[in-house]
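Note sheet for the following structure.
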Amino acid sequence: MPPEKDDDPIISSYDITLNDSDISRYVLQYLDRPAGHNYDDRHGQKPTSLRLKPRTGLVEVDVPVNTRVNYDVDKGLRYGDALKRSRAAREGAGYGMAGGFSVGGAGGGKVKMEGGGANGGDVDMGGTGEASLLRVQTLGGRIKTPEEGDPVYMLAAFREGNLHLSPVTAVVQLHPQLHHLDALDEIPAKGRGGKGARKEGEEERSAESEARAIDVKIKAAEEGGAAAVAGNLDLLKQMQDEKWGRYEWIDAETEESWDVYENFMIHQDLENLPQLESAIDSEEYLDRMSAPRIDPARPEMTGWAMKQNRSTQRG
Numbered sequence: 024m025p026p027e028k029d030d031d032p033i034i035s036s037y038d039i040t041l042n043d044s045d046i047s048r049y050v051l052q053y054l055d056r057p058a059g060h061n062y063d064d065r066h067g068q069k070p071t072s073l074r075l076k077p078r079t080g081l082v083e084v085d086v087p088v089n090t091r092v093n094y095d096v097d098k099g100l101r102y103g104d105a106l107k108r109s110r111a112a113r114e115g116a117g118y119g120m121a122g123g124f125s126v127g128g129a130g131g132g133k134v135k136m137e138g139g140g141a142n143g144g145d146v147d148m149g150g151t152g153e154a155s156l157l158r159v160q161t162l163g164g165r166i167k168t169p170e171e172g173d174p175v176y177m178l179a180a181f182r183e184g185n186l187h188l189s190p191v192t193a194v195v196q197l198h199p200q201l202h203h204l205d206a207l208d209e210i211p212a213k214g215r216g217g218k219g220a221r222k223e224g225e226e227e228r229s230a231e232s233e234a235r236a237i238d239v240k241i242k243a244a245e246e247g248g249a250a251a252v253a254g255n256l257d258l259l260k261q262m263q264d265e266k267w268g269r270y271e272w273i274d275a276e277t278e279e280s281w282d283v284y285e286n287f288m289i290h291q292d293l294e295n296l297p298q299l300e301s302a303i304d305s306e307e308y309l310d311r312m313s314a315p316r317i318d319p320a321r322p323e324m325t326g327w328a329m330k331q332n333r334s335t336q337r338g
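Numbering (our numbering), first residue to last: 24 to 338.
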């Protein structure tokens, strides 16, 4: 009879190499971004800035917005101008979680009306100088501190007959941040062109006075919640006090990125690697990974007792 065909054949085998974990490797997930539409130079949306607060784990990425397609220039001017004014009033302070998300770098610059205005020139806001167009969308998230029992993620790279694994420091989920709406809310009614919003005779307040701190009050819902609330407030303060570390974004297809890939994703010295040795044998591995094995002849013999009985019989 011909030999039975294996339903699960081994197609290929690889030697596994574990790279060091001396550097930080973060995986950024864009939850509202379709697969295949990366934020890179090839798709015209290479991020312009990466900001990081390593101690409190805040991450922020600025990505350019296409102002020529499906873009409301009027609203873009309103939001961009609001960010510009509010940033000046707050002296660079941020929005978001406890002011932890800075609006620095999210402004615009000179506005060029490309097919959207009657005159194709720069836009002037009532003689106050050049207007600011919102050209950048800010995505933000937080690095979750790993806890015991969390899954360990690895980045894999194949090279010839070797599989190189590199440990992931953290997976960060990034969401759009609505700093432009917060900035618009801070502009005084007169600054937005609203009429009748201020009582007659009331002194005009500056934008600086409008940009005021907000007191956050949290009530503990359960006993012992006061300590947790105090810890949360302390964390929020740390987020606000920590300064942003700013980093240049290198596109994935550049030579510099490939050099980093070669240095930190592929082990360079395969000849002098220490060999991983298992602390358990194959039988003990099966005992730990499977349900307890039962000897049909002696049902009381399960797991460790069954193994000991077999060892006695072999001796």
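A virtual CB, placed ideally from N, CA and C, is assigned to each residue, including glycine.
On a predicted model such as this, the values are computed, not experimentally measured, just so you know.
Taking 6 Å as the limit between beta carbons, can you name the residues of its chain near residue 340, skipping five residues before and five after?
The first residue shown for the chain is 24 and the last is 338, placing residue 340 beyond what the model contains.
Helix, strand or coil, according to DSSP, for residue 105 in the structure here?
Here residue 105 sits in helix by DSSP.
State buried or exposed for residue 177, treating a residue as buried only when at least 16 other CB atoms are found within 10 Å of its CB.
With fewer than 16 other Cβ atoms within 10 Å, it is exposed.
Residue 97 by DSSP, collapsed to three states: which one?
If DSSP states are grouped into helix, strand and coil, residue 97 belongs with the helices.
The alpha helix (DSSP H) with residue 203 in it runs from where to where?
First-last of the alpha helix (DSSP H) with residue 203: 202-209.
Within this structure, are the beta carbons of residue 162 and residue 103 separated by less than 9 Å?
No. Outside cutoff.
Should residue 293 be labelled buried (16 or more other beta-carbon atoms within 10 Å of its own) or exposed?
When all chains shown are included, residue 293 counts as exposed.
Rounded to whole angstroms, what's the CA-CA distance from residue 164 to residue 81? Just pull it up for me.
When rounded, the distance between both Cα atoms is 6 Å.
By DSSP, does residue 280 sit in helix, in strand, or in coil?
Correct three-state label for residue 280: helix.
Hey, out of 199, 300, 269, whose CA is closest to residue 88's CA?
Answer by Cα proximity: 199.
Who are the Cβ neighbours of residue 79 in its own chain at under 6 Å, not counting the five residues just before and after it?
Contacts found: 261, 262, 265.
Can you tell me whether residue 311 is buried or exposed? The criterion is at least 16 other CB atoms within 10 Å of its CB, across all chains shown.
Per the 10 Å Cβ criterion, exposed.
Excluding sequence positions up to five away, which residues of its chain have a Cβ less than 8 Å from the Cβ of residue 308?
Counting only Cβ-Cβ distances below 8 Å, and skipping sequence neighbours, we find 301.
Say yes only if the C-beta of residue 169 is nearer than 8 Å to one or more non-hydrogen atoms of the ligand NAP, and no if none qualify.
The model on display carries no ligand, and the ligand NAP is accordingly not part of it.
When burial is assigned at 16 or more other CB atoms within 10 Å of the CB, is residue 92 buried or exposed?
Exposed is the call here.
Just reading off the beta strand (DSSP E) that residue 38 is part of, what are its end residues?
Per DSSP, residue 38 belongs to the beta strand (DSSP E) from 38-41.
Looking only at its chain, what residues have a beta carbon closer than 6 Å to the beta carbon of residue 273, apart from the 5 residues adjacent to it on each side?
Same-chain partners within the cutoff: 279, 280.
DSSP three-state call for residue 185: helix, strand or coil?
If DSSP states are grouped into helix, strand and coil, residue 185 belongs with the strands.
Looking only at C-alpha atoms, which of 40, 76, 298, 190 sits nearest to residue 259?
Ranking the options by Cα distance to residue 259, first place goes to 76.
Using 8 Å for Cβ pairs, my map puts residue 13 next to residue 197. What's the rounded Cβ distance?
Past the boundaries of the shown model lies residue 13; the chain is included only from 24 to 338, so the question cannot be answered.
Nearest-angstrom Cα distance between residue 33 and residue 40?
Whole-angstrom Cα-Cα distance: 20 Å.
Go to residue 311, then tell me how far its alpha helix (DSSP H) extends in each direction, as first and last residue.
Residues 305-312.
Quick one: what does DSSP say residue 76 is sitting in, helix, strand or coil?
Looking at residue 76 - three-state DSSP - the assignment turns out to be strand.
For the candidate residues 169, 43, 201, 58, whose alpha-carbon lies nearest to that of residue 195?
Checking every option, the nearest Cα to that of residue 195 belongs to 169.
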